[in-house]
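Engineer: For the sequence shown, the working numbering begins at 31 and goes up steadily by one. Have a look at this one.
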Amino acid sequence: MPEVSDDEGTAVGGRRATTPAPAVKAKPTSRVRMSAAQRREQLIATGRQLFAERGFDATSIEEVAARAKVSKPVVYEHFGGKEGLYAVVVDREVRALLDRITTALTAGHPRELLEQAALALLGYIEEETSGFRVLVRESPLMSGTANFSSVMNDVAHQVEHILGAEFKSRGYDPKLAELYSQALVGMVALTGRWWLEVRKPRKETVAAHLVNLAWNGLSHLEAKPTLITARRH
């Protein structure tokens, strides 16, 4: 029988012999190696998310390593353990929140200062929800790590100085400024923790009602309070 050839192979003895296709070599996947600084930032972000979701006690180094796709020794190398990672995460959130509130306090009028502080806290809760969740959870026992309470105490001390000067100019006892500052900051802080879960109404409305209560008192509440700062825009 004559041999018949075609494009795919050659027929030999009535049977088609196919030419095997050349093997395609798989390209090796190049894995970008992180620098030590980049890896540290990745682990901090991972720890921040896990501590927000589960809290300190329920989070393990194994989970941090698994989510970051590294081995446990890498986490220990950077932070020495879970406590070290937690301390870094909390310290960053404390500074971020305090800086945000401090920067917001620019007005001269006490009512506007209260508005700015309330909006700064609610804005942080809205934009940095995971960070706020880390702060409001209980810190591990025997930990010297700062937390939400310490931040609010720092804010209260700033408010105390503002109220002290205002009390003195109005003939009130300036020694009571500390009491009032704790009451005002505590009211805003606890409302913020509540708003973290409900997210209604919007933050500007929440801030307006907080200031309404703080500024006017229950006996002089406005029916529909608005922020002074909002009226200017």
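For glycine and all other residues, C-beta sits at the position ideal for the given N, C-alpha and C.
Assign Asp87 to one of three DSSP states: helix, strand, or coil.
Structural biologist: coil
Engineer: According to DSSP, is Met172 helix, strand or coil?
Structural biologist: Here the model assigns Met172 a pLDDT of 47, short of 50, so the residue's position is not dependable and the matter cannot be decided.
Engineer: Could you give the DSSP three-state label for Met182: helix, strand or coil?
Structural biologist: Helix.
Engineer: On the premise that Ser211 lies in contact with Leu193, defined as a C-beta separation below 8 Å, what is that separation, rounded to the nearest angstrom?
Structural biologist: Sure, about 6 Å apart at Cβ, within 8 Å.
Engineer: With a 10 Å radius around its C-beta and 16 neighbouring C-beta atoms as the bar for buried, classify Trp225 as buried or exposed.
Structural biologist: buried
Engineer: Between which two residues does the alpha helix (DSSP H) carrying Pro140 extend?
Structural biologist: 140-157
Engineer: Measuring from the CB of Lys198, is there a heavy atom of the ligand GTP at a distance below 8 Å?
Structural biologist: Within the structure as shown, the ligand GTP is missing, as the structure has no ligands at all.
Engineer: Assess, as a yes-or-no matter, whether the segment 135-153 is touched by the segment 98-114 under the definition of 3 or more beta carbon pairs within less than 8 Å.
Structural biologist: no
Engineer: Output the boundary residues of the alpha helix (DSSP H) element that contains His108.
Structural biologist: 102-109
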